[in-house]
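A quick write-up on the structure given underneath.
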Amino acid sequence: MSNGQEGNGNRAVSPNGAAPQPERRYAQIVGWGCHVPEKVITNKDLEQIVDTSDEWIRSRTGIEQRHVAADPKETTATLAIKAARKALETADVYPRHVDLIICATSSPEHTFPATASIVQDALGAVNAGAFDLSAACSGFVYGLALARGLILAGDAEYVLVIGAETLSRIVDWTDRNTCILFGDGAGAVLVAASNVPGGIQATVLGSDGSGADALSLPAGGSAMPASLETVSNGSHYIKMDGKAVFRFAVRVMADATRRVLEKAGLAVDDVDLVIPHQANKRIIQNSILRQLKIPEEKVFINLQKYGNTSTASIPIALCEAIEAGKVKPGQNIVFVGFGAGLSWAAAAIHWSVPVEKREYGWWRSYQRRASYQAAAARSMWKRALRRVYSQVLPTPDEDEWPETSPVKEPEGSD
Ligand code: ACO
Numbered sequence: 005m006s007n008g009q010e011g012n013g014n015r016a017v018s019p020n021g022a023a024p025q026p027e028r029r030y031a032q033i034v035g036w037g038c039h040v041p042e043k044v045i046t047n048k049d050l051e052q053i054v055d056t057s058d059e060w061i062r063s064r065t066g067i068e069q070r071h072v073a074a075d076p077k078e079t080t081a082t083l084a085i086k087a088a089r090k091a092l093e094t095a096d097v098y099p100r101h102v103d104l105i106i107c108a109t110s111s112p113e114h115t116f117p118a119t120a121s122i123v124q125d126a127l128g129a130v131n132a133g134a135f136d137l138s139a140a141c142s143g144f145v146y147g148l149a150l151a152r153g154l155i156l157a158g159d160a161e162y163v164l165v166i167g168a169e170t171l172s173r174i175v176d177w178t179d180r181n182t183c184i185l186f187g188d189g190a191g192a193v194l195v196a197a198s199n200v201p202g203g204i205q206a207t208v209l210g211s212d213g214s215g216a217d218a219l220s221l222p223a224g225g226s227a228m229p230a231s232l233e234t235v236s237n238g239s240h241y242i243k244m245d246g247k248a249v250f251r252f253a254v255r256v257m258a259d260a261t262r263r264v265l266e267k268a269g270l271a272v273d274d275v276d277l278v279i280p281h282q283a284n285k286r287i288i289q290n291s292i293l294r295q296l297k298i299p300e301e302k303v304f305i306n307l308q309k310y311g312n313t314s315t316a317s318i319p320i321a322l323c324e325a326i327e328a329g330k331v332k333p334g335q336n337i338v339f340v341g342f343g344a345g346l347s348w349a350a351a352a353i354h355w356s357v358p359v360e361k362r363e364y365g366w367w368r369s370y371q372r373r374a375s376y377q378a379a380a381a382r383s384m385w386k387r388a389l390r391r392v393y394s395q396v397l398p399t400p401d402e403d404e405w406p407e408t409s410p411v412k413e414p415e416g417s418d
């Protein structure tokens, strides 16, 4: 890591043992973690809810089950926090060293504040900026592209990129066209500045808003504010033209993969592993396998267990691919996703960090736990202080602000 802070992180290793090049910066994924709710809904369970069958869902999508946040206390933020903690732990980096938290989500905690800010507070990432990123299922890869850009520009050392969803809260459980597809979960990666060549080599981002109607959550925004009518006619649920999305997805998954490889100076044959957005097995087969002729053993699929977890699908799949021993230093890996917008995104990664699980001992885990407890206490204390201030202290008039107030306009400004 280039910053020399106490978090050691998963130090990137040069595959041939060559000396690191200090003059260049690279953006490496050094930490990863995921979390899914406990409750599982199988296809058989869905047969009891809508007119569908296990056979139909398996053959048309590949999905066998999905995890859902059944406990109302489980939200997008709580899932994101758990995944983020695991990512920081894998990297052995403390939250105070994180410069930015990007939470890609289609089911945020609220329209505002950002779910990322809630995560920042819970982690005790006191030096981090935080914002949510809305690019539907492409959001996680959009987040990686931003993280890479900030790191290469020298504006950040550590960026936490999270994909987190509780889609079960915005799915119409009476609509068999959509409720069979989605699941809840979160995945996170820590992207770090490094001087070892490799990491996120290239990204491709795309959008075609002419397809905005194909997949949307119509109500709750400025175009259709919440009202009794929007609630009663189900406009707060996901609406989808499945066939249109399918056709679009098959095309862009192949195109985006080709383009990102070209940008990274790689050929299709150079790819060791593709981790695609886990929406539908048939989409992956028709794009990555058939069009690009990438063999099945180089494509990681786990959608049978989780369904489509939108922004969380790629980071969850990454964690499982690492766990399964499919990710190794020296490999070229592609992440590729698509989603509402319509949008798409791909990233080419030259994996350069060790993936072995490391044990840090009880003292490290104790320190981590203590730091999260301290973050919770600090948050409560600040909330209490804010309440006291707003009740006891008068709001200062403009001319009562101190001269050095950061809100004071600099001289000569318009
Ligand atoms: N169970 C049984 N039958 C069903 C179900 C179901 N759950 N859903 C639809 N059917 C019926 C339809 O009504 C239709 O019947 P009909 O022929 O009598 O009219 C028949 O099955 C075939 O329906 P199709 O829509 O043609 O089925 P298709 O093979 O296209 O599969 C699916 C539908 C799975 C939705 C597919 O189109 C798809 O995966 N599309 C992409 C969706 C997607 O990935 N969305 C997420 C994008 S990412 C994001 O941003 C959130």
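Here the sequence shown is numbered in the numbering used here, starting from 5 and rising by one per residue. Where a beta carbon is used, it is the ideal one built from N, C-alpha and C, also for glycine.
Using the rule of at least 16 other Cβ atoms within 10 Å of the residue's Cβ for burial, across every protein chain shown, is residue i buried or exposed?
i	result
residue 412	Caution applies to residue 412, whose pLDDT of 46 falls short of 50 and renders its modelled position unreliable; the value that the coordinates give is listed next. So residue 412 counts as exposed.
residue 401	exposed
residue 417	At residue 417, the pLDDT of 38 sits below 50, so the modelled position is not reliable and the matter cannot be decided from this model.
residue 373	exposed
residue 150	buried
residue 46	exposed
residue 312	buried
residue 370	exposed
residue 120	buried
residue 11	At residue 11 the pLDDT is 45, less than 50, meaning the model places this residue with poor confidence; the figure from the coordinates comes in the next sentence. So residue 11 ends up on the buried side.
residue 2	Outside the shown range of the chain, which is 5 to 418, sits residue 2, and nothing can be said about it.
residue 367	exposed
residue 307	buried
residue 125	buried
residue 414	Note that residue 414 scores a pLDDT of 43, beneath 50, so its modelled location is shaky; the value from the coordinates is reported in the next line. Residue 414 should be labelled exposed.
residue 385	exposed
residue 379	buried
residue 53	exposed
residue 271	exposed
residue 86	buried
residue 391	exposed
residue 128	buried
residue 178	exposed
residue 377	exposed
residue 396	exposed
Just to confirm, are residue i and residue j a CB contact at a threshold of 7 angstroms?
i	j	result
residue 135	residue 318	no
residue 342	residue 325	no
residue 141	residue 323	no
residue 162	residue 118	no
residue 193	residue 260	no
residue 108	residue 147	yes
residue 279	residue 321	yes
residue 338	residue 352	yes
residue 41	residue 188	yes
residue 295	residue 258	yes
residue 160	residue 221	no
residue 154	residue 349	no
residue 132	residue 316	no
residue 100	residue 130	yes
residue 58	residue 43	no
residue 106	residue 165	yes
residue 274	residue 336	yes
residue 345	residue 138	no
residue 184	residue 56	yes
Is there at least one non-hydrogen atom of ligand 1 closer than 6 angstroms to the beta-carbon of residue i?
i	result
residue 175	no
residue 314	yes
residue 343	yes
residue 199	no
residue 131	no
residue 285	no
residue 249	yes
residue 180	yes
residue 422	Since the first and last residues shown for the chain are 5 and 418, residue 422 lies out of range.
residue 204	no
residue 45	no
residue 107	no
residue 80	no
residue 218	no
residue 255	no
residue 70	no
residue 140	yes
residue 184	yes
residue 3	Given a span of 5 to 418 for the chain in the structure shown, any question on residue 3 remains unanswerable.
residue 115	no
Closest Cβ-Cβ distance between residue i and chain B: below 7 angstroms?
i	result
residue 139	Within the model displayed, chain B is absent; a lone protein chain is all it includes.
>> For the structure I just gave you, are there three or more beta carbon pairs, one from the stretch 163–175 and one from the stretch 109–120, closer than 8 angstroms?
In response: Flag = yes, the stretch 163–175 and the stretch 109–120 touch.
> Are three or more beta carbon pairs between the stretch 67–86 and the stretch 94–101 nearer than 8 angstroms?
Replying inline: no
> Is the number of C-beta pairs between the stretch 209–225 and the stretch 236–256 that are closer than 8 angstroms three or more?
Replying inline: yes
> If we count Cβ pairs, one from each stretch, closer than 8 angstroms, do we get three or more for the stretch 269–283 versus the stretch 221–230?
Replying inline: no
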